[in-house]
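Listed in order, the protein sequences are those of chains A and B.
So for the first sequence, my numbering puts the first residue at 1081; every next one is plus one.
So for the second sequence, my numbering puts the first residue at 1081; every next one is plus one.
Shown next, in structure tokens, is the structure this report addresses.
There are 2 protein chains.
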Amino acid sequence: MEEKYSVKKLSKQAGVSIRTLHHYDDIGLLKPAVRTEAGYRMYGDKEMLKLQQILFFKELEFPLTEIQKILNSGEFETLEALAHHKKVLKAKQKRISTLISTIDQTLEKLKKGENMKIDELYKGFSRQEAEGLRQEALKKWGEKVTHSEEHLTSLGKEKVNRLQTEFKALWMKLSQMTKMDPTSEPVQHEIEYHYKMVQQFWGPRNPVTREAYIGLGEMYVHDDRYTSVEGRNNPEMGAFLNRAVKYFAEHSL
Amino acid sequence: MEEKYSVKKLSKQAGVSIRTLHHYDDIGLLKPAVRTEAGYRMYGDKEMLKLQQILFFKELEFPLTEIQKILNSGEFETLEALAHHKKVLKAKQKRISTLISTIDQTLEKLKKGENMKIDELYKGFSRQEAEGLRQEALKKWGEKVTHSEEHLTSLGKEKVNRLQTEFKALWMKLSQMTKMDPTSEPVQHEIEYHYKMVQQFWGPRNPVTREAYIGLGEMYVHDDRYTSVEGRNNPEMGAFLNRAVKYFAEHSL
DNA sequence: CTTGACTCTCACCTTACGTCATAGCTTAAC
DNA sequence: GTTAAGCTATGACGTAAGGTGAGAGTCAAG
């Protein structure tokens, strides 16, 4: 059999780069049938065939090392690999769906709240994350909302920390507004955001009613942890928050 | 403000590795607020906040360089970037769907045809690809099936070449079966596969009828191009094919 | 014999870090 | 004061799948 393909010919026919052929030779995935005395790589039909197989699996996003194994193994292993790969792809697809919905949420927030700054972008958590976070949050803050707890799965602490950071950011912002009127629009806007965060923490099965939210506001007044930001204490913060929350609850809930 | 986070603290709180913080420092994505005299990195709340933003975009699979730009730009650019990224993700998702269906087709084939060897795996082309290939194929083989040609989009030649290679592989296989009974199961199985390939080439709007397929078989007998494989001629191939195709057409179509 | 097309082998660049190696700093215990 | 534990720093190499040259040898044609 004549080995009829030079690197250029094979690369053109198969639609890959010459460098790719070199690479495949280097890693032993596709060796030329022979080498001319000058060292030129020459491929035959068998290699063209193998290249097609390689490209098939490459299109499916198999890594080259796996393609190696697959081509060197039997049909059973191939079946297994394909079935497994399908699962991987499905997982990937699911993840992308989540990402897209996260983007949608974020876009919505950005468009709606005109005065929302980029610093708050990371607030666009997906629903699933918030779901899982609730459990941790409930544990952490010792709320006794015991019903519908078991079926929630727990997430890593870094996610909890994220939420903590969000709250901290909001607090910092609010602490700079204590000289303003608690019923003014800017303040109320932040409070609304706070309300939504709390609602996310509690989840759809634990609706934050008007009364619950007012109660939360009262809690803040009496807990010094919530009225100090960045080490500096801010005694008027408690009363300020209480009034702002109360006003919001009575007018918007 | 006290810069309270060492690399370890920050990494733990945010759920990233220390190396990651080093890296972000190296590329200027997240610089520490200050360095101690010993050179230790110290971060403050502002940096923690920025890290959260970074992680948000990272979760969405933005590359770090883009995250750089986004964090340094205004809200409008952020909105744009998010909207564009959504498109990218959607395209990815679509592609994965195609890949999954390709795997399904391949799995089906492998399970159904027990004597199909791995060498034929790459035959699991997606329907879209086959669609596009038709046009090229029709042009190439000069068939005058002119209706419904315009609305087919053309694909690269490497795809055509793939199909050619497939045909060649099938031919090689069949050429080794010429001593067998053309009506026997193994031969008929290959013929069935051949028929399906032809059908794919012609497409759903150009059904390969019994008569058409028999006619094709006759063509093979009278065209030497089809009866030589790998340089060596195989005169009995024509007659063999003709009988095999005819038998298949009359019994299975 | 030279030009142009083709080929070869290094070898560095890319992403987003992981994984050592080696060395300096800090702090609590002795 | 010293020492050991624990923390930190800066290199520097490795990863996947090639892209992009650089410098040099090879081949067929004029």
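Just so it is clear, CB atoms sit at the ideal spot from N, CA and C, and this is done for glycine as well.
| Excluding five sequence neighbours on each side, which residues of the same chain lie with their C-beta closer than 7 Å to the C-beta of His-1274(A)? | As a working mapping, residue 1274(A) is identified with position 194 in the first sequence. Closer than 7 Å at Cβ, skipping near neighbours: Leu-1250.
| Between the stretch 1143 to 1153 of chain A and the stretch 1126 to 1144 of chain B, do three or more beta carbon pairs fall short of 8 Å? | Counting Cβ pairs under 8 Å, fewer than three are found: no touch.
| request: Tell me whether Tyr-1123(A) sits in a helix, a strand or coil according to DSSP, three-state version. | output: Residue mapping note: residue 1123(A) aligns to position 43 of the first sequence, counting from 1. Residue state, collapsed to three classes: strand.
| request: Just tell me which of Arg-1290(B), Phe-1137(B), Lys-1276(B) and Asn-1322(B) has its CA closest to the CA of Gly-1297(B). | output: Translated into the one-based positions of the second sequence, residue 1297(B) becomes position 217. With distances taken between Cα atoms, Gly-1297(B) lies closest to Asn-1322(B).
| What are the residues that DSSP puts in a beta bridge with Val-1114(B)? | Taking the first residue of the second sequence as position 1, residue 1114(B) is located at position 34. Beta-bridge pairing links Val-1114(B) to Met-1122(B).
| query | Any C-beta of chain A sitting closer than 8 Å to the C-beta of Thr-1182(B)? | reply | In the second sequence, counting from the first residue as 1, residue 1182(B) sits at position 102. Chain A, which has a Cβ nearer than 8 Å to the Cβ of Thr-1182(B), makes this yes.
| query | Along chain B, which residues have their Cβ under 8 Å away from the Cβ of Glu-1141(A)? | reply | Residue numbering aside, residue 1141(A) sits at position 61 when the first sequence is read from its first letter. The contacting residues are Leu-1179.
| task | Please report how far the alpha carbon of Phe-1320(A) lies from the alpha carbon of Pro-1262(A), in whole angstroms. | result | If you number the first sequence from 1, residue 1320(A) lands on position 240. If you number the first sequence from 1, residue 1262(A) lands on position 182. In this model, Phe-1320(A) and Pro-1262(A) are separated by some 6 Å (Cα to Cα).
| field | Start-to-end residues for the alpha helix (DSSP H) that takes in Leu-1144(A) | value | The residue labelled residue 1144(A) in the question sits at position 64 within the first sequence. Start and end: 1144 to 1151.
| message | With a threshold of 8 Å on Cβ separation, who are the neighbours of Thr-1158(B) within its own chain once the five nearest residues in sequence on each side are excluded? | response | Locating residue 1158(B) in the second sequence gives position 78, where the first residue counts as 1. Ile-1150, listed in sequence order.
| said: Do Leu-1333(B) and Tyr-1293(B) count as a contact pair if the criterion is CB distance below 8 Å? | reply: Walking along the second sequence from the start, residue 1293(B) turns up at place 213. Walking along the second sequence from the start, residue 1333(B) turns up at place 253. Going by C-beta atoms, Tyr-1293(B) is nearer than 8 Å to Leu-1333(B).
| Given a limit of 9 Å on CB to CB distance, which residues of the stretch 1140 to 1159 of chain B reach chain A? | Leu-1140, Glu-1141, Ile-1150, Leu-1151, Ser-1153, Gly-1154, Glu-1155, Thr-1158 and Leu-1159
| Using 8 Å as the limit for Cβ to Cβ distance, is Leu-1090(B) near chain A? | In the second sequence, the residue the question calls residue 1090(B) occupies position 10. Output row for Leu-1090(B): interface = no.
| message | For Ser-1091(A) and His-1102(A), what's the separation of their Cα atoms in angstroms? | response | If you number the first sequence from 1, residue 1091(A) lands on position 11. If you number the first sequence from 1, residue 1102(A) lands on position 22. Those two C-alpha atoms are separated by around 10 Å.
| message | Let me see if you follow: with CB-CB separation under 8 Å, is Glu-1211(B) close to chain A or not? | response | As a first step, residue 1211(B) is located in the second sequence; it is residue number 131 there, counting from the start. Because the pLDDT of Glu-1211(B) is 36, which lies under 50, any placement of that residue in the model is unreliable, and the number read from its coordinates should be weighed accordingly. Closer than 8 Å: no.
| Does the distance from the C-beta atom of Leu-1140(B) to that of Leu-1179(A) stay below 8 Å? | Looking up residue 1140(B) in the second sequence gives position 60. Looking up residue 1179(A) in the first sequence gives position 99. Yes, they are a contact pair.
| query | In terms of residue numbering, what span does the alpha helix (DSSP H) encompassing Val-1096(A) cover? | reply | Along the first sequence, one-based indexing puts residue 1096(A) at 16. Element bounds for Val-1096(A): n/a, residue is neither H nor E.
| request: Could you tell me whether any Cβ in chain B is nearer than 8 Å to the Cβ of Ile-1176(A)? | output: Position 96 of the first sequence, counting from 1, holds the residue named residue 1176(A). Interface residue, yes.
| Mind checking Val-1087(A): buried by the 16 CB within 10 Å criterion, or exposed? | Counted from its first residue, the first sequence places residue 1087(A) at position 7. Buried, by the Cβ-count rule.
| Does Lys-1170(A) have its Cβ less than 8 Å from a Cβ in chain B? | Locating residue 1170(A) in the first sequence gives position 90, counting from the first residue. Judged by the 8 Å Cβ criterion, Lys-1170(A) is in contact with chain B.
| said: If the cut-off is 7 Å on Cβ atoms, which residues from the stretch 1099 to 1113 of chain A count as contacting chain B, listed in chain order? | reply: Sequence-ordered contacts of the stretch 1099 to 1113 of chain A with chain B are nonexistent [C-beta pairs closer than 7 Å].
| request: Return no unless some Cβ of chain B is closer than 8 Å to the Cβ of His-1165(A). | output: Locating residue 1165(A) in the first sequence gives position 85, where the first residue counts as 1. Closer than 8 Å to some Cβ of chain B, the Cβ of His-1165(A) qualifies, so yes.
| task | Count the other C-beta atoms from every protein chain shown that fall within 10 angstroms of the C-beta of Ala-1324(A), then say buried if there are 16 or more, exposed otherwise. | result | Walking along the first sequence from the start, residue 1324(A) turns up at place 244. Ala-1324(A) comes out buried.
| request: Apply the 10 Å Cβ neighbour rule to Ile-1271(A) and answer buried if 16 or more other Cβ atoms are within range, or exposed otherwise. | output: For the purposes of this step, residue 1271(A) is taken as the residue at position 191 of the first sequence. If you draw a 10 Å sphere on the C-beta of Ile-1271(A), you find 16 or more other C-beta atoms in it, and that means buried.
| Contact list for Gln-1173(B) against chain A, beta-carbon separation under 8 Å | Walking along the second sequence from the start, residue 1173(B) turns up at place 93. Gln-1173, Ile-1176, Ser-1177 and Ile-1180, listed in chain order.
| Neighbour list for Thr-1186(A) in chain B, Cβ cutoff strictly below 8 Å | As a working note, residue 1186(A) is residue 106 in the first sequence. What Thr-1186(A) touches in chain B: Leu-1162.
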